[in-house]
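Chemist: Before anything else, here's the structure in question.
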Amino acid sequence: MIRWLALRAALFLAFAFLLAPVCIVIIVSFNGGPVLSFPPTHFTTHWYALIKPEFFAALNVSLIVAGATALLSVALGLPAALALSRGRFPGRDGLNSILLSPLVVPALVTGVALYQFSLTFWDFTNLALGGTLIGLIIGHLTFGIPFSVRAILAGHARFDYALEEAALNLGATPLQTFWRVTVPILRPSIVAGGIFAFVMSLDDVPIALFMGGGDATTLPVRIFTTVEFDFGGEVMAIAALIVGGSVLLMLVLDRLIGLDCLFGARR
Amino acid sequence: MSEVRLEKVEKRFGEHVAVRDIDLLVRPGEFVTLLGPSGCGKTTCLRMIAGFVAPTRGRIVMGGRDITALPPYRRNTGMVFQSYALFPHRTIADNVAFGLQVRRLPRAECDARIKDALCLVHLERFADRYPGQLSGGQRQRVALARAVVIRPEVLLLDEPLAALDPKLREELQVEIKRIQSTLKITTLFVTHDQGEALSMSDRVAVMHDGRIVQIDSPEVLYERPNSRYVANFVGRTNLFNVVVREKLDGGMVRVETEGASKASFIAAVTDLKVDVGARCLLGARPEHFHFGGGRANTIQAKVRGATYLGSIRYVDAEGSEGQSFAVQVRPGEPTPSLGEVVVISWRPESCFLLRE
Amino acid sequence: MSTAAIDGIAAPARTRRGADVWLWIVLPTTVVFCLILAAPIADLIELSFHAMTGPAQVGAAFTLSNYWAFITDPFFLQMFLRTCWLGLLVTLGCAAIGYPVAYYLARTSTRWRGMALFLVISPLLISAIVRNIGWFPLLSESGLVNWALLKLGVIGAPLPLINNFAGVVIGLVHALLPFMILTLTAVIQRIDVELEEAAANLGAGPLEAFWRVLLPLSWPGVLSGSLLVFTMAISAYTTPAILGGNRVLVMATYIAQQFRTVLNYPAGGTAAALLLVFAALLTLLALQVRTSEGNGQSEGRGA
């Protein structure tokens, strides 16, 4: 009995710990007094009104970069995933390892490496990669591609090759079979890969910090640099809005796909 | 409706030879079954005709054309897979439509043909459902409809009924046969179930270890197997050793058991060329053995046991030289008791000789 | 996943030609990936072999002075140890908090399980920046935690819990807890419940059963989960930067500092290369532990 209570208490504390920062953000964003203090003194929404327009511009940049990253990750990831699961070619195991690399390379190291590389690139070609949307997208592809590949590989694990044979037998060329049969059947994992890439791109700080700049600043980086210098109430309001947006996104995803499917939690 | 020929076809997978030197002719409109246990090469032959496996040696000719080098999507064969392979993301109608869409047939003709195909398999009402909503038997029929709607030159069926329960299997065997004879499509069917093979086919090719051991009509295959393997694989057979003693008129020989009893029988010889003094096997089906005398061949045996299978009852008996006999008991006939010594008799035309 | 299973039934690979087709298909992705990751990292490593000649200037000569400084200067050694210490504390915190939660998730079958699992994952779906910002009203001197502790009389003066090492530890534990929980859940699920029941039947209380049965059996999983969390903790940048208030100098924040403000690119590059190697070694170690765990488990079960 005591053991049961102890476990319950531990669980409650653990879940409270997990949710605390998110909940507090929303509560405090309405605080009329100093935003870093608790308890809130009085209720106000004026922080929301004080949000500067550059944050919305940054949100725009984030969305564009995330969308492009997702699309490119999937487009480049799909052939690689198919090759890894079906092909037997020299270097296959090596490629498999390379594509696991995001776990190995810290995001910060990728960020500074790309920054350094963009300087070298500038030296040689006079083309700027840093501070451009393209640079940001390239930076985010470093984790977007591997995660798409892994998502599609996971979805491909139980692929029924008889379906492709049936299509070939019915007269479809390999290319037609690919578009009419293979892709539709893999669609859930392709979409999952795209969503992972999208969400990770929206969230990234280290890479976007070093590859972005000026007009090409993503929302997390804009918030990051703001918080470094001045922690005003409007930052809390922005954070609360992001929480709201994320919850909305989660509800939408759950409706469309079912979040438990996405995370493989269903046994 | 074309003929299909495998000419000296061989298939190796590395060291393993799956198909050895096969010559097979399936005539236009004929229903031929490849029968054999797992690993005998029957599915490999089918897949070579479909184009999913390339033969190591030999040619495949269909309707006069050498198709050996053609990719599967240019061969115009219709295949029904063991797992049906219905596209889960398409409705039943769209599944059946697939081959027609790829051939760029005009919409009106597509719709007409799809309707006919679904009517043929009695699934018109299911056109807008998805494969996941259908039962196993229904999915099988959709797979069949999809394969025939493209009007292939040859229909290939890869153990299509293996996943179904016996009752459903019987129904679908009749269905498939009906559709095949209506459409008169050249058909090659693969199965390990001999009952299926015998009931549906014009000819059956029994395969063993990559070779065709015997190919004949079901009756000939059953009544005159050419080897111990075929005799045992298709139905039950009584087999025991004998020696040829005398050649008689009318294609008969007199044979004798080797032991002390020197029991003598007359047997029909078909293709087997035997010399006097040669050892071979005498074979007879249990249903051709009778209790009591009255026929030319007789032998004494002691009853050792009985097996009841509902519609059939077998009695196991042992001969004086240790041979085992299985006798099928007629309905209404009394069953001899355990330990009883009985006389078993059969007609010469009902038994056959096999090489040892 | 075995290729043997695939080869038997895959679409006709016309032997040599079949393999070549795949090489062409995989080429664009490989090229792109090499350009965007392999080349920059190679460039970074190359950078570490040059000296700084001025802010954002790099000398042309090849030198090992950066690495030498790293080995000899106590400043760097301290920083490295601080990084490892951070990783260790975070890992212990995650393990301590995560194990009970993982046990619950692994053993329960109520309908709350799905909800609980979702709650565990949900912090990952909210942006990291937001989570870090949320710690300020909680941990600041006038924040919730201090307010509660003062109210309860546990402390006399507010504790400094943010803009310092402690804040970074708390923030990282929070960020990496879901990973630890998910790993441990899978591990515990693989341990047959009947083993715990047998222990109880033989007289072991809950703590003893944990110590003698559950922990030894789940140890390889705990180890590989811990290695994962440790690697992520030492690689983290955003959380130490924000919650450390630019005062906590671990390898990640040092690297960023070199590239952003100090402009000593070679020093930053050296530290980055060393961090990369360290993270790679840890990941390899984690993989080793995981494969040996897989072998061990399959022998242990099925009497």
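Residue numbers (our numbering), protein chains in the order written: chain H, 1 to 267; chain G, 1001 to 1356; chain E, 2001 to 2303. Idealized CB from N, CA, C, for every residue including glycine. If you're wondering where the values come from, they're calculated on a predicted model, not measured in any experiment.
Quick one: using the 10 Å Cβ neighbour count with 16 as the cut-off for buried, is E/Thr2053 buried or exposed?
Modeler: Your numbering for residue 2053 of chain E matches position 53 in the third sequence. Looking at its Cβ environment, which holds fewer than 16 other Cβ atoms inside 10 Å, E/Thr2053 is exposed.
Chemist: At 8 Å on the CB atoms, spell out the chain H contacts of G/Ser1038, in chain order.
Modeler: Along the second sequence, one-based indexing puts residue 1038 of chain G at 38. By Cβ distance, chain H contributes nothing, its closest Cβ being about 17 Å from G/Ser1038, past 8 Å.
Chemist: Should G/Leu1290 be flagged as near chain H, meaning a C-beta pair shorter than 8 Å?
Modeler: Taking the first residue of the second sequence as position 1, residue 1290 of chain G is located at position 290. Checking the sequence shown, residue 1290 of chain G turns out to be His, not Leu. G/His1290 does not count as touching chain H.
Chemist: What residues from chain H crowd round E/Val2032, counting only those whose CB sits closer than 8 Å?
Modeler: The count along the third sequence starts at 1 and reaches residue 2032 of chain E at position 32. By Cβ distance, chain H contributes Leu76, Leu141, Ile145.
Chemist: Looking at the C-beta of G/Tyr1073, does it have a partner C-beta in chain H at a distance below 8 Å?
Modeler: Numbered from its first residue, the second sequence carries residue 1073 of chain G at position 73. So yes, G/Tyr1073 belongs to the interface.
Chemist: Mind checking if E/Phe2049 is an interface residue toward chain H, Cβ cutoff 8 Å exclusive?
Modeler: For the purposes of this step, residue 2049 of chain E is taken as residue 49 along the third sequence, with counting starting at 1. No, no contact with chain H.
Chemist: Are H/Leu18 and E/Pro2158 touching if we call contact CB-CB under 8 Å?
Modeler: Here residue 18 of chain H is taken as the residue at index 18 of the first sequence, counted from 1. Here residue 2158 of chain E is taken as the residue at index 158 of the third sequence, counted from 1. For H/Leu18 and E/Pro2158, no; Cβs fall outside 8 Å.
Chemist: Can you tell me where the beta strand (DSSP E) holding G/Val1329 begins and where it ends?
Modeler: To locate residue 1329 of chain G, count along the second sequence from 1; it is residue 329. That run of the beta strand (DSSP E) goes 1324–1329.
Chemist: I need the boundaries of the beta strand (DSSP E) containing G/Cys1280, first residue and last residue.
Modeler: In the second sequence, the residue the question calls residue 1280 of chain G occupies position 280. Per DSSP, the unbroken beta strand (DSSP E) holding G/Cys1280 starts and ends at 1279–1284.
Chemist: Give me the Cα-Cα distance between G/Arg1304 and G/Phe1031, rounded to the nearest whole angstrom.
Modeler: In the second sequence, the residue the question calls residue 1304 of chain G occupies position 304. In the second sequence, the residue the question calls residue 1031 of chain G occupies position 31. Whole-angstrom Cα-Cα distance: 42 Å.
Chemist: Tell me whether the beta-carbon of G/Pro1152 lies closer than 8 Å to the beta-carbon of G/Asn1226.
Modeler: Residue mapping note: residue 1152 of chain G aligns to position 152 of the second sequence, counting from 1. Residue mapping note: residue 1226 of chain G aligns to position 226 of the second sequence, counting from 1. Cβ atoms of G/Pro1152 and G/Asn1226: not closer than 8 Å.
Chemist: Helix, strand or coil, according to DSSP, for H/Ala14 in the structure here?
Modeler: Taking the first residue of the first sequence as position 1, residue 14 of chain H is located at position 14. H/Ala14 falls in the helix class under three-state DSSP.
Chemist: Where do the N-terminal and C-terminal ends of the alpha helix (DSSP H) with H/Trp122 fall, by residue?
Modeler: Looking up residue 122 of chain H in the first sequence gives position 122. Per DSSP, H/Trp122 belongs to the alpha helix (DSSP H) from 107–125.
Chemist: Taking a Cβ distance cut-off of 7 Å, strictly less, list which residues of the region 2261–2283 of chain E are near chain H, in chain order.
Modeler: The region 2261–2283 of chain E vs chain H, Cβ under 7 Å: Tyr2265, Gly2268, Gly2269, Ala2272, Leu2275, Leu2276, Ala2279, Ala2280, Thr2283.
Chemist: Using a Cβ-Cβ cut-off of 8 Å, state whether E/Thr2110 counts as contacting chain H.
Modeler: Taking the first residue of the third sequence as 1, we reach residue 2110 of chain E at position 110. For E/Thr2110, the answer is no, since every Cβ of chain H falls outside 8 Å of its Cβ.
Chemist: What does DSSP give as the partner residue(s) for G/Cys1351 in the beta ladder?
Modeler: Indexing the second sequence from 1 puts residue 1351 of chain G at position 351. Paired residue(s): G/Ala1284.
Chemist: List the residues that DSSP assigns as beta-bridge partners of G/Val1190.
Modeler: Mapped onto the second sequence, residue 1190 of chain G falls at position 190. BP columns for G/Val1190 point to G/Leu1034, G/Asp1158.
Chemist: Less than 8 Å between CB atoms is the rule here; does G/Ala1301 satisfy it with respect to chain H?
Modeler: For the purposes of this step, residue 1301 of chain G is taken as residue 301 along the second sequence, with counting starting at 1. Chain H, which has no Cβ nearer than 8 Å to the Cβ of G/Ala1301, makes this no.
Chemist: Quick check on H/Asn31 - is its C-beta less than 8 Å from some C-beta in chain G?
Modeler: Taking the first sequence and counting its residues from 1, one reaches residue 31 of chain H at position 31. Closer than 8 Å: no.
Chemist: If you draw a straight line from the alpha carbon of G/Arg1107 to that of G/Leu1183, how long is it in whole angstroms?
Modeler: As a working note, residue 1107 of chain G is residue 107 in the second sequence. As a working note, residue 1183 of chain G is residue 183 in the second sequence. Taking the straight line joining both Cα atoms gives about 23 Å.
Chemist: Can you name, in chain order, every residue of its own chain whose Cβ lies under 7 Å from the Cβ of E/Gly2302, other than the five neighbours on each side?
Modeler: For the purposes of this step, residue 2302 of chain E is identified with residue 302 of the third sequence, where counting begins at 1. Interpretation of E/Gly2302 is limited by its pLDDT of 37, a score under 50 that renders its predicted location unreliable; the figure taken from the coordinates is listed afterwards. Closer than 7 Å at the Cβ level, and outside the excluded window around E/Gly2302, lies no residue.
Chemist: Return the CA-CA distance between G/Pro1336 and G/Ala1301, expressed in angstroms with no decimal places.
Modeler: Residue 1336 of chain G sits at position 336 when you count from the first residue of the second sequence. Residue 1301 of chain G sits at position 301 when you count from the first residue of the second sequence. About 11 Å.
Chemist: Given that a residue counts as buried once 16 or more other Cβ atoms are within 10 Å of its Cβ, and exposed if not, what is H/Glu234?
Modeler: The residue given as residue 234 of chain H occupies position 234 in the first sequence. It is buried - the Cβ of H/Glu234 has at least 16 other Cβ atoms within 10 Å.
Chemist: Among G/Pro1331, G/Ala1317, G/Arg1347, which one has its Cα closest to the Cα of G/Leu1338?
Modeler: Residue numbering aside, residue 1338 of chain G sits at position 338 when the second sequence is read from its first letter. Cα-wise, what sits closest to G/Leu1338 is G/Ala1317.
Chemist: Considering only residues of the region 57–110 of chain H, which uninterrupted alpha helix (DSSP H) runs meet the minimum length of 4 residues and lie entirely inside it, listed in chain order?
Modeler: 92–98
Chemist: Whose Cβ in chain E lies nearer than 7 Å to the Cβ of H/Ala58?
Modeler: As a working note, residue 58 of chain H is residue 58 in the first sequence. Those within 7 Å of H/Ala58 in chain E number zero; the least Cβ separation is about 11 Å.
Chemist: In whole angstroms, give me the CA-to-CA distance for H/Leu141 and E/Leu2275.
Modeler: Position 141 of the first sequence, counting from 1, holds the residue named residue 141 of chain H. Position 275 of the third sequence, counting from 1, holds the residue named residue 2275 of chain E. Rounded to whole angstroms, the gap between the alpha carbons of H/Leu141 and E/Leu2275 is 21 Å.
Chemist: Is there contact between the region 182–202 of chain H and the region 2090–2108 of chain E, where contact requires at least three CB pairs shorter than 8 Å?
Modeler: no
Chemist: Among H/Pro21, H/Ser189, H/Tyr48, H/Gly193, which has the Cα closest to the Cα of H/Asn31?
Modeler: Residue numbering aside, residue 31 of chain H sits at position 31 when the first sequence is read from its first letter. Among H/Pro21, H/Ser189, H/Tyr48, H/Gly193, the Cα nearest to that of H/Asn31 is on H/Tyr48.
Chemist: Check distances from the C-beta atoms of the region 232–247 of chain H to those of chain G and list, in chain order, the residues that come in under 9 Å.
Modeler: none
Chemist: G/Phe1325 and G/Ile1344 look like a contact to me (Cβ under 8 Å); what is the Cβ gap, rounded to whole Å?
Modeler: Numbered from 1 along the second sequence, position 325 holds the residue referred to as residue 1325 of chain G. Numbered from 1 along the second sequence, position 344 holds the residue referred to as residue 1344 of chain G. For G/Phe1325 against G/Ile1344, the beta-carbon gap comes to about 6 Å, under 8 Å, which counts as contact.
Chemist: For E/Leu2172, would you say it is in contact with chain H, using Cβ-to-Cβ distances shorter than 8 Å as the test?
Modeler: Stepping through the third sequence from its first residue, residue 2172 of chain E is reached at position 172. No, E/Leu2172 lies away from the interface with chain H (no Cβ there is under 8 Å from its Cβ).
Chemist: If you draw a straight line from the C-alpha of E/Gly2114 to the C-alpha of E/Val2120, how long is it?
Modeler: Here the question's residue 2114 of chain E lines up with position 114 in the third sequence. Here the question's residue 2120 of chain E lines up with position 120 in the third sequence. Using only the alpha carbons, I get a separation of about 10 Å.
Chemist: Residues of chain H with a CB under 8 Å from the CB of E/Ala2043: which are they?
Modeler: As a first step, residue 2043 of chain E is located in the third sequence; it is residue number 43 there, counting from the start. Per the sequence shown, the amino acid found at residue 2043 of chain E is Asp instead of Ala. Here the neighbours are Ala113, Gln116, Phe117, Thr120.
Chemist: Counting only Cβ-Cβ distances shorter than 7 Å, please list the residues of the region 2093–2108 of chain E near chain H, keeping chain order.
Modeler: Ile2097, Pro2100, Val2101, Tyr2104
Chemist: Which runs of the beta strand (DSSP E) at least 3 residues long sit entirely within the region 2041–2126 of chain E? Give them in chain order.
Modeler: Segments of the beta strand (DSSP E) lying fully in the region 2041–2126 of chain E: 2052–2054.
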